[in-house]
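There are 2 protein chains.
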Amino acid sequence: MAESSRITARDGVRADARRNRERVLVAARAVFAEHGIDAPMATVARRAGVGVATLYRHFPTRDALVRGAFAQQMETCARALTEALAVPDPWQGFQHLVETVCALQREERGFPAAFVAAFPESTSEHAQYRQRAERDFTTLVRRAQASGALRSDFHPSDLAVVLLAHCGLVTALPDDGAASRRLVAYLLQSFRADPVNKPLPPPTALTLRSFPIATDSPQG
Amino acid sequence: MAESSRITARDGVRADARRNRERVLVAARAVFAEHGIDAPMATVARRAGVGVATLYRHFPTRDALVRGAFAQQMETCARALTEALAVPDPWQGFQHLVETVCALQREERGFPAAFVAAFPESTSEHAQYRQRAERDFTTLVRRAQASGALRSDFHPSDLAVVLLAHCGLVTALPDDGAASRRLVAYLLQSFRADPVNKPLPPPTALTLRSFPIATDSPQG
DNA sequence: GTCCAAGTGGACGATTGCTTCCACTTATGA
DNA sequence: TCATAAGTGGAAGCAATCGTCCACTTGGAC
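These protein sequence lines map, in sequence, to chains A and B. Each residue of the first sequence is one higher than the one before, starting from 1 at the first, in our numbering. Each residue of the second sequence is one higher than the one before, starting from 221 at the first, in our numbering.
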């Protein structure tokens, strides 16, 4: 509180405006977690205790709001890649990256949807960031392959496969994360050049009641 | 055409009503494939060349329409389970099941969403079907484990994990199916008791441009 | 051919969410 | 303390979709 008024003045933004912006972001994360990223803008505004106009002033589009709300998570992803490259053992670096990103998706409800939504867009300004991420990840893959731990036919695009599949899982089943951990364990195992059955995290509590194989064919 | 009028009369449904019902189902599959299962009901009606009232008469809720549209696929799933139990080699039966269901999800756009949507609902009438499916699948798993091909810590609930993850992938990336095939290959491999790196289907054409790791942190 | 119940189409009111606009409030610098 | 421009709230105008209602049409039994 004490610091904000000066810091604020410096970038020409009024203190209350900056405070409201934060409240909106907090509210957005909460609402997105609860109702998905398609939740009404007005709901976010109400939760933040501000009017809709205030929300629109700070975030002119839903997309901007979503990006703002999950910018922190996106940064954590980016950091995980840097960290992964710094790990001495290439396989452990690779594993670290996959596990970190999946853990983020598992823990912050709403983030997976934002993640997928952000997908098709390889727009101008971010293109450079993406290119760098792509290059870095490819480096990580090559190193892990050279060390003999990562199977040689793993392709960098497989990361997208893993992440999208994982997003789908945690979105469909926002449970305690058991399913997510199990999927990640299975996949990491099959990425090894020398696959060995290691112990898995416990299975989900889900019964197979889930399996909608049963046709309601006598369609009543 | 020739047959329908008699068959129809038999169950007390007018021939034109039955014909319209079919047209609606065809239209629904097309529209759901194109715009997702949340597409407006009116769009389906227009595509079918009928009024909205007709649509609502046959399918009072969107849910009923979705179930109607994909009943065939659901039946194919059920049949795959029966077939799988009939395959002499238990592992091949298991593999057959997973691959068949995933292939269905991959090929019929809109079906995966319907599949996931059908999920939480373990309603009364279908409960018995599901229970049977669950029991049969558990049998399949036990047999494959007894034969030594399926890892012993595979849990029947892992099927739900696979299918939901796969749904998420094909929903996010309705491409040519390369990603789907690759995921399935990875997973089946990690389900083996004696994992061995077999050749994978080719990777997706996706570049990693997809990876939205790059934060747009200088949020402009 | 005639009749009538089953079936149909499209208009309509209700609901929900988006976005803009403008009169009011308030932080800030002098 | 005051002036002022930045910031704010909520109402209002739109647009999309839902699901129902009712007057009209048509299949099929006789």
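All C-beta atoms, glycine included, are put in the ideal place defined by N, C-alpha and C.
Residue 370 of chain B bridges to which residues according to DSSP? B:412
Proximity test, Cβ basis, 8 Å: residue 262 of chain B and chain A: no
Taking 8 Å as the limit between beta carbons, can you name the residues of its chain near residue 107 of chain A, skipping five residues before and five after? 177
Use the C-beta contact count for residue 258 of chain B: other C-beta atoms within 10 angstroms, 16 or more gives buried, fewer gives exposed. exposed
Contact check, residue 154 of chain A vs residue 145 of chain A under 8 Å by CB: the rounded distance? 7 Å
Less than 8 Å separating the beta-carbons of residue 403 of chain B and residue 161 of chain A? yes
Of the residues that make up the segment 167-182 of chain A, which ones have a beta carbon closer than 8 Å to any beta carbon in chain B? 167, 168, 169, 171, 172, 173, 179, 182
Using the three-state DSSP reduction, which class does residue 331 of chain B fall into: helix, strand or coil? helix
What are the boundary residues of the alpha helix (DSSP H) that includes residue 59 of chain A? Looking at the DSSP string, residue 59 of chain A is not in any alpha helix (DSSP H), and its letter there is neither H nor E.
Strictly under 8 Å for the Cβ-Cβ distance: is residue 302 of chain B near chain A by that measure? no
Cα-Cα separation between residue 233 of chain B and residue 241 of chain B, rounded to whole angstroms: 11 Å
Output needed in chain order: residues of the segment 136-152 of chain A with a Cβ under 8 Å from some Cβ in chain B. 137, 138, 151
Looking at chain B, is there any beta carbon in it that lies within less than 8 Å of the beta carbon of residue 197 of chain A? yes
I need the DSSP call for residue 233 of chain B, collapsed to helix, strand or coil. coil
C-alpha gap between residue 231 of chain B and residue 332 of chain B, whole angstroms: 32 Å
Mind checking the segment 373-385 of chain B against chain A and listing, in chain order, the residues whose C-beta falls within less than 9 Å of any C-beta there? 373, 374, 375, 376, 377, 378, 379, 380, 381, 382, 383, 384, 385
Straight-line CA distance for residue 350 of chain B to residue 18 of chain A? 53 Å
From A:31, A:91, A:85, residue whose alpha carbon lies closest to that of residue 148 of chain A: A:91
Using a Cβ-Cβ distance under 8 Å, would residue 235 of chain B count as near chain A? no
Assuming the contact rule is C-beta atoms closer than 8 Å, residue 116 of chain A and residue 77 of chain A should be a hit. Round their C-beta distance to whole Å, please. Not confirmed; about 13 Å, so no contact.
Around the Cβ of residue 53 of chain A, are there at least 16 other Cβ atoms within 10 angstroms (buried) or fewer (exposed)? exposed
Which residues of chain B have a Cβ atom closer than 7 Å to the Cβ of residue 203 of chain A, listed in chain order? 375, 377, 378
Neighbourhood of residue 122 of chain A by C-beta, 7 Å cutoff - its chain only, sequence neighbours within 5 removed: Residue confidence is low: residue 122 of chain A scores 49 on pLDDT, short of 50, so the model does not pin down where it sits. No coordinate-derived value is stated.
Shorter than 8 Å from the beta carbon of residue 187 of chain A to some beta carbon of chain B? yes
How is residue 204 of chain A classed by DSSP in three states: helix, strand or coil? coil
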